[in-house]
Amino acid sequence: MSDTSVGIDAIEMHTGKLRLDLAETFAPKMGDDPAKYTKGLGLYASSFPDTYEDIVTMGANAAHRLMARKGLEPEDIGRIDVATESAFDQSKPVSTYIAGCLEQVFDGDFHHANKGERKFACVAGTQSIDDAYNWIRAGRNRGRAALVVATDTALYARDDPGEATQGAGAVAMLIDEDPDLVEISNAQGYGSADETDFLKPNQQFPSVDGKRSVQVYLARMREAVIDYESVAGKIQPDEFALLPFHTPFPGMVRKAAALAYRHMIRDTEVEESLADEIGRQPRPEAFDDDGAYLDAMGEYTDRLVETDAYADWYERVVDPTLDISRHVGNWYTGSVHVARMSGLRRALDEGIDLTGRQLGVASYGSGAQAEVHAETVQPGWEEEIAQLNVDEQLEARYDISFAEYELVHDVHNYDEETDVEEFTTPSEEFVFEGWGRMGERKYSYVD
Ligand code: HMG
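Per this note's numbering, the very first residue in the sequence shown carries number 841; after that it's consecutive.
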């Protein structure tokens, strides 16, 4: 095992090209107060794929931009892993389609790259990074880098409560030695259990127990933090400059962040300094039953989140990671990677030097598994982040009406036959063209 520094060298995203305004367009038709979305869930808009977009085009477009920007050729890539929970084939992996797309625009081919597809709900993107990390650390990469693509169309059945949290987009990441963006630590924590909070038993749209899924997210995350601390030591309140969480919607992260902060400050000077204002944290040994202890803990947490200390920490460490998510919705496997990107962008905009600082990355996938690890921000991070075109992509999206949303949902529903004209004109991107004679999907590059 080598001790080479391995991590994320570069990152790019591609958003679905349509935008649904949740407060203005969706809420009124659902009979909801817009504040349920903007304040409760913390979401303003969702991204959707146009008629010619899908997980392959979005993933290939993000990967294309990444490879072109870094001056890479196919021979520089030894591995392509795609993380998705929106796959349309039980055998042929999405990575083969993405490689096929990229071979249309680059010289050479990916015939010597190992390709695969990773599935574990939203945590699969992080697991693919892990696989790439292990492959490089084992010295099996022959000097080549790994391309990891997390791509999803996060659609729910119409009238499912999850409809409010939909989204579509892809994140491409280059995992390499001596990375420019973040180095990944080898300490990790897991919280994993057989759960039925959210699943897709051979069906396109998920079966979801929404309220329970929130509790399962928090429970598995807590286990992962404890497991992480068993190898890395107790996390200190100011250890992480940013804490990117899996973000199905920002309101979920608000809940997770409160529990994380409460955990981090326990038995520290911060807890002591807040004791006069809100008391000390309840300890289980002081209670006869679990219910009374949990109630007291809940009341303490309610007081804690009202303190200036908490507000200051949240504004610095968590809020910046939500900037993009608020306007695109859930991207499933890509979501935690959007959160990392978002936090780094905010730091760059505000002139905060993060070089050498730690990020605590908290991934989660239903079914269910949480994973926590640390990353160290590298000296090249500012240059990498400065080259992203996130605002440009978000602003270029076409705003759909509610009637158009209904059509778009049907277009991407495998059980519906809907013929709709595209809403945007493709340019310099991969597009879906239809099906071939064996049911395969066909793609081309539009100049
Ligand atoms: P819901 O029942 O429609 O919403 O479903 P609600 O009534 O619970 O309201 C949502 C929040 O808005 C609540 O905040 C309300 O109080 C608040 P909370 O009390 O929870 O803090 N609210 C308002 N605030 C201000 N003004 C108002 C107002 N009205 C309400 N007027 C639910 C919400 C999340 C259950 C639903 O959207 C859902 O089922 N989503 C899909 C599942 C999901 O995202 N779960 C998250 C955890 S699991 C996960 O992250 C994994 C996942 O990404 C999949 C994977 O791993 O593959 C989903």
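We treat Cβ as the ideally placed atom computed from N, Cα and C, and that holds for glycine.
Computed from a predicted structure; not experimentally measured.
Item	Value
Can you give me the C-alpha to C-alpha distance between P1124 and F1080, rounded to a whole angstrom?	27 Å
As a quick exercise: from L1083, T1264, A1136, L1188, pick the residue whose alpha carbon is nearest that of A1179.	L1083
E1211 and Q1055 - do their beta-carbons sit closer together than 9 Å?	no
Is Y1030 close to the ligand HMG? I mean its beta-carbon at under 8 Å from any heavy atom of the ligand.	no
Could you check whether the Cβ of L1114 sits closer than 8 Å to any heavy atom belonging to the ligand HMG?	no
Are there any heavy atoms of the ligand HMG lying less than 8 Å away from the beta-carbon of T1051, as far as the coordinates show?	It is worth fixing the name first, because residue 1051 is Lys in this sequence and not Thr. Under cutoff, so the answer is yes.
Whose C-alpha, out of Y877, S931, A990, is nearest the C-alpha of I920?	A990
Terminal residues of the continuous alpha helix (DSSP H) containing W1221?	1221-1226
Between S1165 and A1008, is the Cβ-Cβ spacing less than 9 Å?	no
Tell me whether the beta-carbon of R1052 lies closer than 9 Å to the beta-carbon of G1031.	no
Check the DSSP bridge columns for W1275 and list the partner residues they point to.	R1281
Under three-state DSSP, which class holds F1242?	helix
Looking at the ligand HMG, does it come within less than 8 Å of Y996, judged from the CB to the closest heavy atom?	yes
Could you give the first and the last residue of the continuous beta strand (DSSP E) run that contains H1086?	Taken as a continuous stretch (DSSP letters only), H1086 belongs to no beta strand (DSSP E), as it is neither H nor E.
Among I1015, Q1218, G1207, which residue has its Cα nearest to the Cα of D1193?	Q1218
Among H1249, R1156, P1019, S1206, which residue has its Cα nearest to the Cα of E1215?	P1019
Where does W1171 land, buried or exposed, given buried means 16+ other C-beta within 10 angstroms?	buried
Anyone know if the C-beta pair for Y1068 and H1086 falls short of 9 Å?	no
In the DSSP output, which residue or residues are listed as bridge partners for T966?	T966 pairs with nothing; no bridge assigned.
Thinking C-alpha only, which one of F1263, R859, V1271, G1002 is nearest R1237?	R859
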